[in-house]
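In UniProt numbering, the protein residues as written are 1 to 312.
Using N, Cα and C, we set each Cβ at its ideal position, and we do this for glycine too.
A quick note: this is a predicted structure, and the numbers were derived from the prediction, not measured.
Take a look at the structure below.
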């Protein structure tokens with residue numbers, strides 16, 4: 001089994017490394033990184049998710065591993081909230097972000113490639129994308145809105161419209177609708193869409209690599225460094241460990257257990273950074289959480305996958 005798991009990560013990290021080189025030496029020009037990121041977010045990944053969901057039986061979405069994943073997410077998130085509030089003594093917006101950074105997985109740029117390359121399909125990660133976008137992100141924005149203590153009609157409007165304004169979520173829901181209704185796109189539309197989808201995973205990994213060129217942590221002195229290590233440790237090690245324990249208690253089939261644990265081991269999503277930026281908060285800490293957890297996950301994610309495959 002080792003030969004089937006660890007080599008599956010090789011193309012993922014190879015393309016991520018290539019993306020880092022492209023970003024580090026600006027081989028795509030001054031605005032190449034930004035343009036490619038928009039292409040992935042607005043075009044390529046929605047194409048991947050629409051075609052995947054259209055071809056996925058609806059029964060595949062009812063994965064029992066989701067319960068284990070969500071339980072691990074709740075436990076780790078609550079721990080992150082508690083540590084941020086009572087140990088690191090942060091204000092509401094700061095401990096809310098810290099707690100969410102401890103449990104909000106990068107199910108997009110990294111999760112989809114890992115699911116397709118290592119797990120064999122992206123049905124599980126699509127469910128997680130929906131849950132995170134429809135439940136976790138609105139919860140975070142509600143806490144940030146409450147801490148802002150100012151009229152926030154425009155932001156609440158953005159919050160309500162978030163599912164349909166997020167291309168990957170809208171594409172996933174549309175794919176499910178097509179599958180449930182039996183509708184099919186005409187061939188002249190379906191063929192180019194599948195061509196776009198074939199480019200989506202690789203391009204997303206290039207974008208992930210380019211995002212790592214921003215440099216090391218900028219805010220690392222004193223308590224904040226300890227908090228950073230704590231958040232990254234919760235995300236990359238505590239969350240998959242708790243998810244594994246819950247999955248074993250539930251007696252999950254190996255494939256469902258593998259999907260839940262591997263997805264729990266994904267690094268912190270960039271969405272948390274984007275949320276803090278929208279609320280004019282100091283986003284350097286969460287930016288460091290995203291960066292460090294992504295870098296460390298290049299080893300920890302492979303290790304977790306191998307351990308589950310070999311010993312569980």
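Around residue 36, the same chain offers 28, 203, 206, 207 and 210 as residues with beta carbons nearer than 8 Å, after the five sequence neighbours per side are excluded.
CA-to-CA, the gap between residue 246 and residue 182 works out to about 36 Å.
C-alpha of residue 45 to C-alpha of residue 103: approximately 22 Å in a straight line.
Here residue 59 is exposed: its Cβ has fewer than 16 other Cβ atoms, across all protein chains shown, within 10 Å. Residue 269 carries a coil assignment under DSSP once its states are collapsed to helix, strand and coil. A direct Cα-Cα distance of roughly 16 Å separates residue 77 from residue 107.
Residue 22 has its alpha-carbon roughly 12 Å from the corresponding atom of residue 31. When the alpha-carbon of residue 99 is set against those of 300, 131 and 228, the nearest one is in 228. In summary, residue 50 is buried, with 16 or more beta-carbon neighbours lying within 10 Å of its beta-carbon over all protein chains present.
If you draw a 10 Å sphere on the C-beta of residue 312, you find fewer than 16 other C-beta atoms in it, and that means exposed. An exposed status is given to residue 82, since fewer than 16 other beta-carbon atoms sit within 10 Å of its beta-carbon. Shown here, residue 241 sits in a helix according to DSSP, grouped into three states. Contact between the segment 112 to 122 and the segment 82 to 97 is absent: fewer than three C-beta pairs spanning the two stretches fall below 8 Å. Secondary-structure assignment with DSSP links residue 105 through a beta bridge to 268. The DSSP-derived three-state label of residue 25 is coil. Contact check for residue 257 against residue 120 fails: the beta carbons are separated by 8 Å or more. DSSP, reduced to helix, strand and coil, places residue 302 within a helical segment of the structure shown. The DSSP-derived three-state label of residue 99 is helix. A contact between stretches requires three or more CB pairs, one per stretch, nearer than 8 Å, and the segment 7 to 22 fails this requirement with the segment 192 to 200. One alpha carbon belongs to residue 176, the other to residue 169, and they sit about 11 Å apart.
Residue 122: not part of any alpha helix (DSSP H); DSSP gives it neither H nor E. An exposed status is given to residue 146, since fewer than 16 other beta-carbon atoms sit within 10 Å of its beta-carbon. DSSP places residue 284 in the helix class (H, G or I) of the three-state scheme.
By the neighbour-count definition (other C-beta atoms within 10 Å, threshold 16), residue 187 is an exposed residue. Shortest Cα-Cα distance from residue 166 to any of 38, 244, 8 and 291 involves 38.
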